[in-house]
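Heads up, the final residue of the sequence shown is numbered 776 in the numbering used here, and it's a clean run with no missing numbers. Comments concern the structure below.
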Amino acid sequence: MLRLLVIMLAAAAPSVALAQEAGADSFRRCAACHLPNGAGVPGSYPPLSAQVAGFSRSTPGRSYLIAVVAQGLAGPTTIGGAAYNGFMPAQPGLSDQALADTLNHLLTTIIAAADVKPFTAEEVRAVRAQAAGRSAQQSLELRPPEDPSP
Numbered sequence: 627m628l629r630l631l632v633i634m635l636a637a638a639a640p641s642v643a644l645a646q647e648a649g650a651d652s653f654r655r656c657a658a659c660h661l662p663n664g665a666g667v668p669g670s671y672p673p674l675s676a677q678v679a680g681f682s683r684s685t686p687g688r689s690y691l692i693a694v695v696a697q698g699l700a701g702p703t704t705i706g707g708a709a710y711n712g713f714m715p716a717q718p719g720l721s722d723q724a725l726a727d728t729l730n731h732l733l734t735t736i737i738a739a740a741d742v743k744p745f746t747a748e749e750v751r752a753v754r755a756q757a758a759g760r761s762a763q764q765s766l767e768l769r770p771p772e773d774p775s776p
């Protein structure tokens, strides 16, 4: 029994490593504006820290994060007390798995959020189906009303 468990874990390890590598590779798109450490640029590109971690802990927040990456975001918002009124382009070239890997990389490696359930391709697919045809401005409507706390 123990041997079977060791074999199963060893078989899963490469897929976890590949997903982490794929997420890091996809995050480069985000890092172009939000910086490699997710700190953002004051007044231009918001930070991707506590707010993303907080949103990832609720179903509406998770849907919002997926929609933002998939459909983009446009319009005024406040993050960490700072006002932003910009535009984030949609990332339609990301597969469901790549989008999940990107968010997971952000949460585990960049933010180091604890107690966060990993995003899955199935979850991304479901949110994309619900949000199909939405604009970047409509993604903002999905934003939970209050900034979550980390």
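Even for Gly, the Cβ is constructed at its ideal location relative to N, Cα and C.
Legend entry - Euclidean distance between Cα positions of P672 and R688: 18 Å
Inset, instruction - Ignore the nearest five residues each way along the sequence and tell me which others in Q697's own chain have a CB closer than 8 Å to its CB. - result: A716, A757, R760, S761, A762, Q764 and S765
Legend entry - Presumed contact (8 Å Cβ cut-off) between S675 and V742, rounded CB distance: The Cβ separation is near 13 Å, so there is no contact.
Legend entry - Backbone secondary structure at G701 - three-state DSSP: strand
Legend entry - Rounded straight-line distance, which links the Cα of P770 to that of T704: 12 Å
Legend entry - Residues of its chain near I737, where Cβ-Cβ distance is below 6 Å and the 5 sequence neighbours each way are ignored: S675 and A679
Inset, instruction - Tell me F713's beta-bridge partners as DSSP assigns them. - result: A700
Legend entry - Where the alpha helix (DSSP H) containing A661 begins and where it ends: Just to set this straight, residue 661 is Leu in the shown sequence, not Ala. Note, L661: premise wrong, no alpha helix (DSSP H); not H, not E.
Inset, instruction - Report back the beta-carbon spacing between T728 and S652 to the nearest angstrom; my notes put them in contact at under 8 Å. - result: 4 Å
Inset, instruction - Within the same chain, show all residues whose beta-carbon is closer than 7 Å to that of P668, passing over the 5 residues directly before and after it, in chain order. - result: A708
Inset, instruction - With DSSP collapsed to three states, give me the class of A708. - result: strand
Legend entry - Inter-residue spacing [alpha-carbon to alpha-carbon] between A700 and N711: 7 Å
Inset, instruction - Specify, as a first and last residue, the run of the alpha helix (DSSP H) that S721 falls within. - result: Neither: S721 is in no alpha helix (DSSP H) and is coded neither H nor E.
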